[in-house]
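A quick write-up on the structure given underneath.
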Amino acid sequence: MFYFIPAWYQKQRPWYHTTELWFRTYERMTFDDTVNHYKIFEKAGEETCLLILNYQPQLRYTLHKQDMVGAIVWSLFDDIQNVHGQTMTPINFKHLKWPQGIRFVYSPFAIVAKQGQETYAVIHFAENGNLFYIETYSEKKTDKIYYFDDRGFLSSLIYYSDGVAQYQDYLNKNGVWQVRESLQGEFKISVNPNADQDFNQTEYRSWEKLIDERLRKFKVRNVTNRDIFISAADSQHNNLVLNVFAQNKKGFSFFGNRYQWQTNRDLISLFLQADLLIVDTQEQEKKLHHALIGAGFAKLLGKLSRISPFDTRLRLGHSQTVKELKIYFFIDTISEQELRTYLPAILDMMEENSAIHLELVNFRQDYDLKGLETYLKNLIWQNYTVEAFLKVADDGSENHIDESTKTKFSRLAINRYTNENQVITTLDTTRLVIDLGENPDLYTQIASISAGIPQINRVQTDYIDHMKNGWILSDGDDLRHPIHYYFDGLTNWNQSLVYAIEKMSDYTSGRILTQWKSVLNLGEG
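46 is the number of the first residue of the sequence shown in my numbering; add one for each residue after it.
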């Protein structure tokens with residue numbers, strides 16, 4: 046069995062859930078190295094299991110988004126709460142027990158339960174529309190917060206006093222609290238004397254103590270010495286994994302900016318005990334190489350393996366079947382002034398070629414998209430054939446447009462995305478991606494290469510090779526040049542697609558799995 050341990054954590058309460066409300070879900074990327082590695086092994090027919098160490102009441106939908114619905118999961122909090130099964134069951138909030146006379150008021154972001162003129166509760170939803178939590182009020186202050194599991198039951202309950210959170214109860218399916226986490230004063234976790242599970246202590250002074258205990262019980266019941274653990278490298282759980290599964294082969298994966306690099310005792314311990322060290326980029330490989338040499342462990346360099354992540358949810362090369370030449374321009378990584386310097390080159394080409402479409406994509410909630418729309422319309426009115434870019438807003442006609450006409454874009458769009466699925470849908474019909482920031486968006490790069498779409502960047506990254514699967518724009522270069530390179534005929538675009546397929550060959554051929562088994566001394570069995 047291969048066990049995969051993700052690092053789906055947050056900073057404020059390290060072992061707490063990471064679910065976002067539906068309207069601000071792009072505050073973090075959910076695709077990561079664990080998703081990538083899990084799929085490599087699953088595709089090869091290996092026995093796999095996810096170990097989830099933090100509280101994740103909406104886990105099933107997270108897995109659903111990543112095409113991991115059938116994944117076998119062991120969840121620490123399911124174990125603590127004595128919860129079994131993975132079947133999702135939606136809850137209709139109207140079917141819950143509400144006081145007499147409650148009415149529901151729908152706002153753009155939540156549903157407010159009113160009792161007379163007073164707010165009794167606010168009902169919040171996760172990205173998929175699932176009931177996430179209900180916050181109730183007493184004398185205009187928060188009284189309780191009810192968190193719901195996506196399998197259809199109340200999962201935990203936070204109690205407040207005078208608007209301040211006091212403690213959180215984690216419940217079994219019958220609503221009986223199993224452990225209670227203090228949120229004020231000295232931290233402790235209290236165990237219900239009538240809890241369903243057997244605990245070694247009645248009280249714990251840290252989650253780490255309790256997690257260590259439950260992992261050891263899990264190990265006794267389920268793990269053999271032949272089982273392998275592939276863990277996201279994260280200081281939050283590295284020592285737990287190393288200590289509890291000391292006798293098992295282990296790999297640790299370094300991804301993006303998750304790991305804060307410093308050669309300390311914990312990192313040295315990881316170097317010595319890990320059997321495999323996985324990195325996602327050449328930059329990460331250099332950092333790890335430097336750290337190993339600096340710590341005097343040059344002999345451990347053979348443990349290193351670099352694998353670029355690919356998101357298999359995207360359809361490789363599908364956009365070549367679409368007649369429109371759509372440009373996906375990610376704008377969050379550059380300033381508004383920089384964007385204004387690049388837009389005229391694209392608009393010039395759009396006026397010359399009616400097949401070119403432009404989508405300006407944004408994730409940030411604070412970006413003034415309305416202001417950008419106004420700027421673009423003014424730019425078009427002043428410098429371009431208006432009918433080539435705008436149409437009448439009410440009936441779709443492109444005739445009789447003047448400055449008093451209410452218009453909308455015809456071949457240009459400005460969109461704020463809140464989840465990866467929206468990015469995936471758009472890239473399915475995109476021919477070219479542009480991200481001109483000093484630090485290009487990581488998921489945009491991963492998704493683009495996974496779809497075989499060439500990218501125009503201003504900096505060299507592990508995901509782009511100049512004139513092979515993209516273009517590195519030098520200072521002073523005309524943006525029109527690389528756009529022409531990929532839009533004038535299909536030759537260069539197809540070469541980019543072939544190059545992307547070759548870069549993905551390690552992923553699809555099983556070569557990575559073979560390499561890892563060799564490093565782990567597993568052979569092919």
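Where is the CB? At the ideal position from N, CA and C, for every residue including glycine.
These numbers come from a predicted model, not from an experiment.
* Start-end ranges of the alpha helix (DSSP H) lying completely within the region 281 to 328, minimum 4 residues -> 283 to 289, 310 to 318
* Leaving out five residues on either side along the sequence, give the residues of the same chain with a beta carbon under 8 Å from the beta carbon of Gln318. => Looking up residue 318 in the sequence shown gives position 273. Once the five neighbours on either side are set aside, the close Cβ partners of Gln318 are Leu287, Ala291, Lys295.
* When Glu397, Leu481, Leu202, Gln229 are compared against Val221, the one with the closest alpha-carbon -> Start at 1 with the first residue of the sequence shown, and residue 221 comes out as number 176. If we check each option's Cα against that of Val221, Leu202 comes out closest.
* Leaving out five residues before and five after Asp214 in sequence, what residues of the same chain have Cβ atoms less than 7 Å from its Cβ? -> Sequence index remark: in the sequence shown, residue 214 carries index 169 (1-based). So the qualifying residues of the chain are Ser201, Leu202, Trp222, Arg225.
* Buried or exposed for Lys139, please, with buried defined as at least 16 other CB atoms from any protein chain shown within 10 angstroms of its CB. => Counting from 1 along the sequence shown, the entry for residue 139 is found at position 94. Under this definition Lys139 is an exposed residue.
* Same chain, Cβ closer than 7 Å to Asn127, five either side skipped, listed in chain order -> By 1-based counting over the sequence shown, the position of residue 127 is 82. Once the five neighbours on either side are set aside, the close Cβ partners of Asn127 are Asn217, Gln223, Asp241, Gln242.
* Asked: In whole angstroms, what is the alpha-carbon distance linking Asp520 and Leu176?
  -> If you number the sequence shown from 1, residue 520 lands on position 475. If you number the sequence shown from 1, residue 176 lands on position 131. Rounded to the nearest angstrom, the two C-alpha atoms are 49 Å apart.
* Near Leu535, which residues of its chain fall below 8 Å by C-beta distance, leaving aside the five closest residues on each side in sequence? -> What you label residue 535 is simply residue 490 of the sequence shown in a count that begins at 1. Correct list, in chain order: Gln365.
* Which word fits Tyr151, buried or exposed, when buried means at least 16 other C-beta atoms lie within 10 angstroms of its C-beta? -> As a position in the sequence shown, residue 151 is number 106, starting the count at 1. Result: exposed.
* How big is the Cα-Cα spacing for Leu468 and Val406? -> On the sequence shown, residue 468 is found 423 positions in, with the first residue counted as 1. On the sequence shown, residue 406 is found 361 positions in, with the first residue counted as 1. In the sequence as presented, Leu is not what sits at residue 468; that position holds Val. Their Cα atoms are separated by approximately 9 Å.
* Asked: Whose C-alpha, out of Arg503, Phe355, Asp393, Asn464, is nearest the C-alpha of Ser495?
  -> Residue numbering aside, residue 495 sits at position 450 when the sequence shown is read from its first letter. When Arg503, Phe355, Asp393, Asn464 are compared, the shortest CA-CA separation from Ser495 is found for Phe355.
* Asked: Taking the C-alpha atoms as reference points, what is the distance between Ile491 and Thr430?
  -> Here the question's residue 491 lines up with position 446 in the sequence shown. Here the question's residue 430 lines up with position 385 in the sequence shown. C-alpha separation (whole angstroms): 36 Å.
* To do: Decide if Lys368 is buried, meaning its Cβ has at least 16 other Cβ atoms within 10 Å, or exposed.
  => Residue 368 sits at position 323 when you count from the first residue of the sequence shown. Lys368 is exposed by the Cβ-count criterion.
* Ser541 beta carbon less than 7 Å from that of Pro499 -> Counting from one through the sequence shown, the residue named residue 499 turns up at place 454. Counting from one through the sequence shown, the residue named residue 541 turns up at place 496. Yes, Cβ-Cβ distance for Pro499 and Ser541 is below 7 Å.
* How would you call Val504, buried or exposed, if buried means at least 16 neighbouring beta carbons within 10 angstroms? -> Position 459 of the sequence shown, counted from the first residue, corresponds to residue 504. By the neighbour-count rule (16 or more Cβ atoms within 10 Å), Val504 is not buried but exposed.
* Roughly how many whole angstroms lie between the Cα atoms of Gln57 and Ser276? -> The residue labelled residue 57 in the question sits at position 12 within the sequence shown. The residue labelled residue 276 in the question sits at position 231 within the sequence shown. Spanning the two alpha carbons is a distance of roughly 22 Å.
* Asked: Apart from the five residues just before and just after Ser493, which ones in its own chain have a Cβ nearer than 6 Å to its Cβ?
  -> Here the question's residue 493 lines up with position 448 in the sequence shown. Here the set comprises Val478, Gln500.
* **According to DSSP, residues forming a beta bridge with Gln213** => Start at 1 with the first residue of the sequence shown, and residue 213 comes out as number 168. BP columns for Gln213 point to Ile203, Glu226.
* To do: Taking only the alpha-carbon atoms, compute the straight-line gap between Ala458 and Tyr488 and give it to the nearest angstrom.
  => Here residue 458 corresponds to residue number 413 of the sequence shown, with the count starting at 1. Here residue 488 corresponds to residue number 443 of the sequence shown, with the count starting at 1. C-alpha separation (whole angstroms): 21 Å.
* Asked: CA-CA distance, Tyr106 and Phe86?
  -> Translated into positions along the sequence shown, residue 106 becomes position 61. Translated into positions along the sequence shown, residue 86 becomes position 41. Computed Cα separation, rounded: 21 Å.
* Enumerate in chain order the residues of its own chain whose CB-to-CB distance from Gly570 is below 8 Å, with the five nearest sequence positions on each side excluded. => As a first step, residue 570 must be located in the sequence shown, where it is residue number 525. The predicted position of Gly570 is uncertain, since its pLDDT is 41 and thus under 50; a value taken from the coordinates is nonetheless stated next. Here the set comprises nothing.
* Distance, Ala171 Cα to Leu524 Cα -> Taking the sequence shown and counting its residues from 1, the one referred to as residue 524 is at position 479. Taking the sequence shown and counting its residues from 1, the one referred to as residue 171 is at position 126. Answer to the nearest angstrom: the Cα atoms are 40 Å apart.
* Asked: Buried or exposed: which applies to Ser183, given that a residue is buried once 16 or more other Cβ atoms fall within 10 Å of its Cβ?
  -> The residue you call residue 183 lines up with position 138 of the sequence shown. It is exposed - the Cβ of Ser183 has fewer than 16 other Cβ atoms within 10 Å.
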